[in-house]
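**Student:** Protein sequences appear in the order of chains D and A. Counting from 1, one number per residue, gives the positions in the first sequence under the working numbering. Counting from 161, one number per residue, gives the positions in the second sequence under the working numbering. The C-beta atom is built at its ideal place from N, Cα and C for all residues, glycine as well.
Protein chains: 2
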Amino acid sequence: MRRSAAVAAKEADGPQLDFDELPGYVGYQVRRAQTQIFADLEAALKEFELTPGSFGVLTLIRANPGITQVALAAALGIDKSTMSPVIFRLESRGLIRRKVQLDDRRRHALFIEKAGEAVFITARERVRAAEAGVAARLTKAEQRVLTRLLAKLMGRADPA
Amino acid sequence: MRRSAAVAAKEADGPQLDFDELPGYVGYQVRRAQTQIFADLEAALKEFELTPGSFGVLTLIRANPGITQVALAAALGIDKSTMSPVIFRLESRGLIRRKVQLDDRRRHALFIEKAGEAVFITARERVRAAEAGVAARLTKAEQRVLTRLLAKLMGRADPA
Numbered sequence: 001m002r003r004s005a006a007v008a009a010k011e012a013d014g015p016q017l018d019f020d021e022l023p024g025y026v027g028y029q030v031r032r033a034q035t036q037i038f039a040d041l042e043a044a045l046k047e048f049e050l051t052p053g054s055f056g057v058l059t060l061i062r063a064n065p066g067i068t069q070v071a072l073a074a075a076l077g078i079d080k081s082t083m084s085p086v087i088f089r090l091e092s093r094g095l096i097r098r099k100v101q102l103d104d105r106r107r108h109a110l111f112i113e114k115a116g117e118a119v120f121i122t123a124r125e126r127v128r129a130a131e132a133g134v135a136a137r138l139t140k141a142e143q144r145v146l147t148r149l150l151a152k153l154m155g156r157a158d159p160a
Numbered sequence: 161m162r163r164s165a166a167v168a169a170k171e172a173d174g175p176q177l178d179f180d181e182l183p184g185y186v187g188y189q190v191r192r193a194q195t196q197i198f199a200d201l202e203a204a205l206k207e208f209e210l211t212p213g214s215f216g217v218l219t220l221i222r223a224n225p226g227i228t229q230v231a232l233a234a235a236l237g238i239d240k241s242t243m244s245p246v247i248f249r250l251e252s253r254g255l256i257r258r259k260v261q262l263d264d265r266r267r268h269a270l271f272i273e274k275a276g277e278a279v280f281i282t283a284r285e286r287v288r289a290a291e292a293g294v295a296a297r298l299t300k301a302e303q304r305v306l307t308r309l310l311a312k313l314m315g316r317a318d319p320a
C-alpha cells in the first residue's frame, strides 16, 4: 500500500522525494553545499580547461615553487592517483613543469610556467567572482560563524 | 631570492605551505570539510563495497521505490554519466533491480532488492555512527546554525 502510493508519487517525478535520514546528516548538508558551489565554479573555470581541483593544484604550485607531488596531494587532501592525471594534464598544456631534484631523483619539484601564470591570474579573477557570488548570500558575521563551525567540524582547534 | 627561500622551505615538506587565497574562500572551506567527512564515511562503508555516493543512491531508491535514474541524478545533484556506473554496479551486485516501465520503455524504474535492504540497514548503522562522530564536534545549537547557514549558502529560502 505504502509502496504503491510512493510509486504513484514518483511517477510525477515531483520534488517531493523521500531522502530518508540524509537531510539530517551534517555530512550530507556539507556535501550538498559543496556540490552546488563547485557546479558554479566548474562553469566559471571551463573556458580555462581547469576544474576546481586543478585550479587548487595550480594555486599551490604557484605559491610554493618546487613543491612535490606528494606534498601537494597531502596539502589538498587528494590521493596520489587522483593527483597524477591532474599534474600530467597541466604539464602537457605547458602550464607547469616538473624538475628532477638533484638530491632525490624520485621526487619531482613542480614549478609554474609563464603560460600557467597567465592562465592562473585570469582564472583567479573568475574564481574570485564566483566565490564573491556565493559568499554574498551570507552576511560578514555569518561568514565568520560558518568558517568557525566548519573548522570545528574538522576537529581543528578553534583559534578564537 | 623569494623563490629560493620558498624552495628551501618546501624541501622540508612542512605544513607551512602557502595556500594563497584559498583558505579565505567559503567554497574552499566547505570543500575541505566535505573531503574530510567523506574520508571517514568512505572508510566506514568500505566493507559494504559502497561509497558515500552509492549509499545515497541506495537510500533514495529504497525510500522512493520506482524512482527513475534521471530523477535520482537530479535529486542528488549528480550528473547522469556519474550515476550510470553506480546503478550498474548496484544492479550487478543484486542490491537493486531495474524494471522497464510499461508506459514508457525508455524509463527504467529502480527498486531495492532483499539483499540490498540487508546491506542498506547495516551500512546505515555505520553511516549513523560516522555522522554522530562528526556532529558531536558541534553543540546542538551549533549544528542548527550550520544547517541554516549551509541552506542559506545554497540560496534556499530560510524556513526559520
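(1) Closest by CA to F161 of chain D, which one among D:R93, D:L102, D:I121 and D:R98?
(2) Mind checking which residues open and close the alpha helix (DSSP H) that includes K46 of chain D?
(3) If you follow the beta strand (DSSP E) that L270 of chain A is in, where does it begin and where does it stop?
(4) Which bits of chain D does G216 of chain A rub up against, with CB to CB less than 7 Å?
(5) I'd like the list of long-range same chain contacts for G184 of chain A, defined as Cβ closer than 8 Å, with 5 residues on each side in sequence excluded.
(6) 8 Å is my cut-off, CB to CB: does F88 of chain D come that close to chain A?
(7) Report the three-state DSSP secondary structure of T35 of chain D (helix, strand or coil).
(8) Give me the Cα-Cα distance between L306 of chain A and Q143 of chain D, rounded to the nearest whole angstrom.
(9) Looking only at C-alpha atoms, which of A:Q229, A:G237 and A:L262 sits nearest to F248 of chain A?
(10) For F215 of chain A and F280 of chain A, I'd like the C-alpha separation in whole angstroms.
(11) Using the three-state DSSP reduction, which class does D173 of chain A fall into: helix, strand or coil?
(12) Should Q16 of chain D be labelled buried (16 or more other beta-carbon atoms within 10 Å of its own) or exposed?
(13) Contact check, E42 of chain D vs T51 of chain D under 8 Å by CB: the rounded distance?
(14) Can you pull the chain A neighbours of V134 of chain D, defined as C-beta to C-beta under 7 Å?
(15) What separation, rounded to the nearest whole angstrom, lies between the Cα atoms of S252 of chain A and I227 of chain A?
(16) Under a Cβ-count criterion, where at least 16 other Cβ atoms within 10 Å of its own Cβ denotes burial, should L236 of chain A be classed as buried or exposed?
(17) Report the CB separation of D18 of chain D from A223 of chain A in whole angstroms; it is logged as a contact under 8 Å.
(18) Going by alpha carbons, who is nearest to Y188 of chain A out of D:V26, D:R128 and D:R137?
(19) Excluding the five sequence neighbours on either side, which residues of its own chain have a C-beta within less than 8 Å of the C-beta of L313 of chain A, listed in chain order?
(20) Is the beta carbon of I96 of chain D less than 8 Å from the beta carbon of L102 of chain D?
(21) Looking at S244 of chain A and the ligand ADP, is the gap between the Cβ and the nearest heavy atom below 7 Å?
(22) Pick from A:E209, A:V217 and A:M243: whose alpha carbon is nearest that of D162 of chain D?
(23) Within the 8 Å Cβ cut-off, does V119 of chain D reach chain E?
**Tutor:** To lay it out plainly:
(1) Missing from the structure shown is residue 161 of chain D; chain D here goes from 1 to 160 and no further.
(2) K46 of chain D -> no alpha helix (DSSP H), and no H or E assigned at all.
(3) H268 to I272
(4) L22
(5) none
(6) no
(7) Three-state result, T35 of chain D: helix.
(8) 11 Å
(9) Restricting attention to A:Q229, A:G237 and A:L262, the CA atom closest to the CA of F248 of chain A is found in A:Q229.
(10) Between the alpha carbons of F215 of chain A and F280 of chain A lies a gap of roughly 8 Å.
(11) At D173 of chain A the pLDDT is 45, less than 50, meaning the model places this residue with poor confidence and gives no usable figure here.
(12) exposed
(13) 6 Å
(14) Chain A residues near V134 of chain D: V186, G187 and L313.
(15) 18 Å
(16) buried
(17) Beta-carbon to beta-carbon, D18 of chain D and A223 of chain A are separated by about 4 Å, close enough to satisfy the 8 Å threshold.
(18) Checked all of D:V26, D:R128 and D:R137; the closest Cα to Y188 of chain A is D:R128.
(19) V186 and V190
(20) no
(21) The ligand ADP is not part of the structure shown, which contains no ligands of any sort.
(22) Outside the displayed span of chain D (1 to 160) sits residue 162 of chain D, for which this structure offers no information.
(23) Note that chain E does not occur in the displayed structure, where the protein chains are D and A.
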